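A.B. asks: From first to last, the protein sequence lines stand for chains L and A.
When we follow this note's numbering, the leftmost residue of the first sequence carries the number 6, and every step to the right adds one.
When we follow this note's numbering, the leftmost residue of the second sequence carries the number 91, and every step to the right adds one.
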Amino acid sequence: QKEVEQNSGPLSVPEGAIASLNCTYSDRGSQSFFWYRQYSGKSPELIMFIYSNGDKEDGRFTAQLNKASQYVSLLIRDSQPSDSATYLCAVTGGTSYGKLTFGQGTILTVHP
Amino acid sequence: GAVVSQHPSWVICKSGTSVKIECRSLDFQATTMFWYRQFPKQSLMLMATSNEGSKATYEQGVEKDKFLINHASLTLSTLTVTSAHPEDSSFYICSAPAGVDSNQPQHFGDGTRLSIL
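#1: Using the Cα positions of Q119 (chain A) and L164 (chain A), report the straight-line distance between them to the nearest angstrom.
#2: The segment 100-116 of chain L: which residues have C-beta closer than 9 Å to a C-beta of chain A, in chain order?
#3: Which residues in chain L sit within 8 Å of I183 (chain A), going by Cβ to Cβ distance?
#4: Scan the segment 139-156 of chain A for residues whose Cβ lies nearer than 9 Å to a Cβ of chain L and list them as they occur along the chain.
#5: S180 (chain A) to L204 (chain A), Cα distance in whole Å?
#6: Taking C-beta pairs closer than 8 Å, name the residues in chain A that Q36 (chain L) reaches, listed in chain order.
#7: Going by C-alpha distance, which of A:W100, A:T139, A:Q196, A:D155 is nearest G46 (chain L)?
#8: If you drop the 5 nearest sequence neighbours on each side, which residues of the same chain put their C-beta closer than 8 Å to that of E149 (chain A)?
#9: Tell me whether the segment 29-49 of chain L and the segment 103-112 of chain A touch, counting them as touching only if at least three CB pairs, one residue from each stretch, are closer than 8 Å.
#10: Along the chain, where does the beta strand (DSSP E) that runs through H116 (chain L) open and close?
#11: Quick check: I112 (chain L) and L16 (chain L), are their CB atoms within less than 8 Å of each other?
#12: Kindly indicate which residue of L:E8, L:L26, L:N27 has the alpha-carbon position closest to the one of S35 (chain L).
#13: Let's see if you can read the secondary structure: which residues bound the beta strand (DSSP E) around N141 (chain A)?
#14: Just by C-beta distance, which residues in the segment 77-97 of chain L are closer than 9 Å to chain A?
#15: Is V93 (chain A) buried or exposed, if buried means 16 or more other CB atoms sit within 10 Å of its CB?
#16: If you draw a straight line from the C-alpha of Y126 (chain A) to the C-alpha of S89 (chain L), how long is it?
#17: Measuring only the C-alpha atoms, how far is T170 (chain A) from A188 (chain A)?
#18: Roughly how many angstroms separate the alpha carbons of S78 (chain L) and E112 (chain A), rounded to a whole number?
#19: In terms of residue numbering, what span does the beta strand (DSSP E) encompassing Y41 (chain L) cover?
Next up, the structure:
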């Protein structure tokens, strides 16, 4: 079982739609959860982080965390073509304190 | 915000060459830095944790004698790929947490694309 698993892509949504990205993790002691965006050939860029159960909103982005279900998601509202990238879910804490464990990534394409 | 600078951004060299990559925290101190490797169409894989003033800790399967890490100051960590071979060609990325707590968000350097001929 992979430690961090993301919904298989690629994911394609029309401009203006909501893009939903999902991630599950296996280490129940995980404490911190991150979403990074990575454009082709570039390094990851932090989009959102969340530590507590519930929702956290930042502009068009909403991160949702459910520790009981070991599930974290990212919603992108009003998707734009510039949002097209690979989205990486990453987890730290528990047995991997301080070390980021990444999911395999989900490729998102927003088409005009 | 916190900035991590990585240099060089691109290296092309012959097989057998040793290559040094630098990672600097520009506006904060980092007692811990992390080195990742990313192969095409794959996710980032942690190679090692760089600890200021002490030895690096390597992930399982990463050869410590091949990937030398030195964290000589609170703002600089270096990764040296010794006697590089084509299979070492990859995208190497460093990161550092911007606070004392390593579970805080990490900031990534721009990465180094290493191509071994």
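Don't be surprised by glycine CBs; every beta carbon is placed ideally from N, CA and C.
Bear in mind the structure is a predicted one, so any value in this text is a computation, not a measurement.
C.D. replies: The short version:
#1: 5 Å
#2: S101, Y102, G103, K104, L105, T106, F107, G108, Q109, G110
#3: S48, P49
#4: T139, E149
#5: 5 Å
#6: N193
#7: A:W100
#8: M135, L136, M137, A138
#9: no
#10: 111-116
#11: yes
#12: L:E8
#13: 135-141
#14: T91, L93, A95, T97
#15: exposed
#16: 23 Å
#17: 24 Å
#18: 34 Å
#19: 35-43
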